[in-house]
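In the working numbering, the protein residues as written are 38 to 108. The structure appears below as structure tokens.
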């Protein structure tokens, strides 16, 4: 599978971040429901990209950043 990284970084990541913001407003940032959504949505996207290393690393960075914000 050839990955269009431009599309990934210019569309997929910003769309996920917008959904993350929306979900945090719906269920509360740091709530169990929010973290469940984060893990499941990241997993789903990574699978769509066959767990490509750059994709999983990018979401790993985002997850770590969210953990620090929740800290």
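Heads up, the beta-carbon is just placed ideally off N, CA and C, and yes, glycines get one too.
State the CB to CB distance for the pair residue 25 and residue 75, rounded to an integer number of angstroms; the pair is presumed to be in contact (CB under 8 Å).
Lying outside 38 to 108, the shown extent of the chain, residue 25 is not represented and no answer is given.
Measure the beta-carbon distance from residue 50 to residue 85 and round it to whole angstroms, keeping in mind my assumption that it falls under 8 Å.
As a working note, residue 50 is residue 13 in the chain shown. As a working note, residue 85 is residue 48 in the chain shown. Contact flag wrong, Cβ pair sits at about 13 Å.
Please give the ranges of any beta strand (DSSP E) in the segment 56–86, keeping only runs that are unbroken, at least 3 residues long and fully inside the region.
List check, beta strand (DSSP E) in window: nothing returned.
Which residues in the same chain have their Cβ closer than 7 Å to the Cβ of residue 79, if we skip the five residues on either side of it in sequence?
Translated into positions along the chain shown, residue 79 becomes position 42. Hits under 7 Å: 96, 100.
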